[in-house]
Amino acid sequence: MNRPLLCTLPPTCNPPHHNATQIADSKELEMHYAKYHAHVCEQRGCGYVFPDARLLELHQTECHDPLAAVRKERGEKIVGSLAIMCVWTR
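Okay, so the sequence shown: first residue is 3 according to our numbering, each after it adds one.
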(Lines of atoms letter the chains of each structure in order from A and count residues from 1; the text may use other names and numbers.)
(Lines give C-alpha, C1' and ligand atoms only; values in the text may rest on other atoms or scores of the structure.)
Protein backbone atom coordinates (compact mmCIF):
# COMPACT_ATOMS: atom_id res chain seq x y z
CA MET A 1 0.00 0.00 0.00
CA ASN A 2 1.36 3.42 -0.99
CA ARG A 3 1.27 6.09 1.65
CA PRO A 4 0.50 9.63 0.48
CA LEU A 5 3.38 12.07 0.41
CA LEU A 6 3.23 15.13 2.65
CA CYS A 7 4.56 18.46 1.44
CA THR A 8 5.80 20.75 4.20
CA LEU A 9 7.66 23.28 2.04
CA PRO A 10 7.21 27.00 2.63
CA PRO A 11 5.46 29.26 1.96
CA THR A 12 2.16 27.40 1.45
CA CYS A 13 2.57 24.02 3.15
CA ASN A 14 4.75 24.64 6.17
CA PRO A 15 3.51 24.19 9.72
CA PRO A 16 2.63 25.92 12.03
CA HIS A 17 1.09 28.62 9.82
CA HIS A 18 -0.18 26.27 7.11
CA ASN A 19 -1.18 22.63 7.02
CA ALA A 20 0.99 20.09 5.26
CA THR A 21 -0.43 19.14 1.85
CA GLN A 22 -1.18 15.50 1.07
CA ILE A 23 0.02 14.41 -2.36
CA ALA A 24 -1.05 11.13 -3.93
CA ASP A 25 1.77 10.40 -6.39
CA SER A 26 4.84 11.76 -8.17
CA LYS A 27 2.82 13.36 -10.98
CA GLU A 28 0.70 15.27 -8.48
CA LEU A 29 3.90 16.21 -6.61
CA GLU A 30 5.40 17.73 -9.76
CA MET A 31 2.24 19.75 -10.45
CA HIS A 32 2.01 20.88 -6.82
CA TYR A 33 5.67 21.94 -6.71
CA ALA A 34 5.40 23.87 -9.98
CA LYS A 35 2.31 25.74 -8.78
CA TYR A 36 3.22 26.50 -5.15
CA HIS A 37 7.00 26.27 -4.71
CA ALA A 38 8.92 26.83 -7.96
CA HIS A 39 8.48 30.62 -8.29
CA VAL A 40 8.39 32.08 -4.78
CA CYS A 41 9.69 35.49 -3.79
CA GLU A 42 12.34 34.79 -1.17
CA GLN A 43 12.57 38.40 0.00
CA ARG A 44 12.13 38.47 3.77
CA GLY A 45 8.49 39.00 4.73
CA CYS A 46 7.18 38.60 1.17
CA GLY A 47 6.60 34.98 0.12
CA TYR A 48 4.36 35.70 -2.87
CA VAL A 49 3.97 32.78 -5.28
CA PHE A 50 3.89 33.31 -9.06
CA PRO A 51 2.91 30.98 -11.92
CA ASP A 52 6.18 31.49 -13.80
CA ALA A 53 9.71 32.87 -13.53
CA ARG A 54 8.99 35.94 -15.66
CA LEU A 55 6.28 37.20 -13.30
CA LEU A 56 8.46 36.52 -10.27
CA GLU A 57 11.26 38.56 -11.88
CA LEU A 58 8.86 41.44 -12.62
CA HIS A 59 7.62 41.35 -9.03
CA GLN A 60 11.16 41.44 -7.66
CA THR A 61 12.01 44.43 -9.87
CA GLU A 62 8.85 46.37 -9.05
CA CYS A 63 8.72 45.60 -5.32
CA HIS A 64 12.24 44.90 -4.10
CA ASP A 65 14.74 46.58 -6.47
CA PRO A 66 16.00 49.86 -4.97
CA LEU A 67 17.24 51.10 -8.37
CA ALA A 68 13.81 50.52 -9.91
CA ALA A 69 12.26 52.45 -6.99
CA VAL A 70 14.51 55.43 -7.74
CA ARG A 71 13.59 55.29 -11.44
CA LYS A 72 9.90 55.12 -10.51
CA GLU A 73 10.28 58.17 -8.24
CA ARG A 74 11.83 60.08 -11.16
CA GLY A 75 8.81 59.23 -13.26
CA GLU A 76 10.65 56.78 -15.49
CA LYS A 77 8.74 53.77 -16.75
CA ILE A 78 9.74 50.35 -15.50
CA VAL A 79 9.73 47.92 -18.41
CA GLY A 80 7.29 44.99 -18.15
CA SER A 81 4.81 46.15 -15.55
CA LEU A 82 3.37 43.36 -13.42
CA ALA A 83 -0.17 42.76 -14.70
CA ILE A 84 -1.04 39.31 -13.33
CA MET A 85 -1.65 38.78 -9.64
CA CYS A 86 0.13 36.09 -7.68
CA VAL A 87 -1.38 32.69 -6.96
CA TRP A 88 -1.10 32.97 -3.21
CA THR A 89 -0.56 35.92 -0.94
CA ARG A 90 0.68 35.83 2.59
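From the three backbone atoms N, C-alpha and C, an ideal C-beta is built for every residue, glycine too.
Reference residue i; option with closest CA among the options
i: PRO6; options: LYS29, GLN45, GLY77; result: LYS29
i: ALA36; options: VAL72, ARG73, LEU11, THR63; result: LEU11
i: ASP54; options: HIS19, ILE80, MET33; result: MET33
i: ARG46; options: HIS66, ILE80, HIS20; result: HIS66
Per DSSP, cross-strand counterpart(s) of residue i
i: GLN62; result: DSSP output for GLN62 lists no bridge partner at all.
i: VAL42; result: VAL51
DSSP three-state assignment for residue i, whether helix, strand or coil
i: LEU57; result: helix
i: LEU7; result: strand
Continuous beta strand (DSSP E) stretch holding residue i: start and end
i: GLN24; result: 23–25
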